[in-house]
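Only one structure is covered here, and it is reproduced in the block below.
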Amino acid sequence: KNIHSSFKSVVGLSGSCVLIPCTFSYPENEKTYTEFTGIWYKEYSAVVYNTDTSKIAGSFKGRTSLIGDLRQNDCSLKINSLSSSDAGSFMFRTEMKYFKYSYGEKVSIIVKETPENPNVSVEEEVTSGKPVTATCAVSHSCPSDLPKVTWSHHGKQSSPSQPQNHGQWKLTSYNLTFTPSREDHNKHLSCTAEFKGKTLTGYKTLKVKCKSAITEYYLTGPLLNYFNMEKKYTHQLIS
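Per UniProt numbering: the sequence shown = residues 1 to 239.
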């Protein structure tokens with residue numbers, strides 16, 4: 001009999017939600033019965049979640065849910081509207097027809113008041129008039145409540161990538177494809193992430209290289225015609 005969580009602790013952002021990924025094992029013969037109860041406790045006492053919602057502690061009522069299927073060994077817990085008072089140790093218990101067991105492994109929730117700044121990445125040097133794609137990586141704790149992301153530059157924005165586990169946070173990437181101009185040189189390309197009640201900005205300074213073109217042209221005139229010659233000139237155009 002054991003329980004498994006991806007981490008011994010998870011980090012959640014105040015005001016957002018947090019997920020405790022969890023799987024557990026139980027006797028195979030219990031699958032034939034319909035009585036499946038999942039219970040999460042905080043500090044061995046407060047009922048954070050119970051299949052019978054009337055037994056949930058008042059401070060957690062209406063904020064918790066199991067996002068997995070107990071029959072499929074998934075006991076993952078979601079807590080909404082996270083606050084600093086939610087920090088602490090959590091443990092899981094299951095009750096079936098003949099099998100009742102409290103799993104000893106605990107998972108701690110750490111609550112952060114401020115998220116990390118977005119991380120903007122773009123080529124070290126871009127070319128004026130040539131499209132380029134920049135990426136804004138945003139850390140958060142709740143895939144169902146993604147922050148709103150805006151860019152300082154206009155361009156084609158792609159949908160956020162599927163959140164990936166990144167340590168104890170989820171990391172979601174937002175892409176922007178835009179065409180820089182020479183006026184963008186040494187200006188900030190910024191990405192602003194708006195969380196619930198919190199707004200943070202990350203940026204990179206653009207280094208814009210101007211593209212050039214060589215134009216060739218020929219001059220003829222009375223003197224050159226006298227010697228049956230043409231004079232070639234070149235002119236470099238900067239854009």
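Positions of the beta carbon are idealized from the N, C-alpha and C atoms, including for glycine. Keep in mind the model is a prediction, meaning the values are calculated, not measured.
Counting the other CB atoms within 10 Å of its CB gives histidine 154 a total below 16, which places it among the exposed residues. In the three-state scheme derived from DSSP, where H, G and I count as helix and E and B as strand, aspartate 86 is classed as helix. Between lysine 156 and threonine 177, the C-beta spacing is below 8 Å. Runs of the beta strand (DSSP E) spanning 3 or more residues and lying entirely within the region 107-178 occur at 107-112, 119-121, 132-140, 148-151, 164-166, 169-178, in chain order. The three-state secondary structure of glutamate 28, taken from DSSP, is helix. Annotation: asparagine 186 is outside any beta strand (DSSP E) and is labelled neither H nor E by DSSP. A direct Cα-to-Cα measurement between glutamate 124 and lysine 130 gives close to 14 Å. Rounded to the nearest angstrom, the gap between the Cα atoms of phenylalanine 60 and histidine 188 is 43 Å. With respect to serine 14, glutamate 113 sits close: the two C-beta atoms are nearer than 8 Å. Counting along the chain, serine 9 sits inside the beta strand (DSSP E) bounded by residues 9-13. Ranking Tyr103, Ser84, Glu116 by CA distance to the CA of isoleucine 110 puts Ser84 first. Here DSSP, grouped into helix, strand and coil, assigns leucine 70 to helix.
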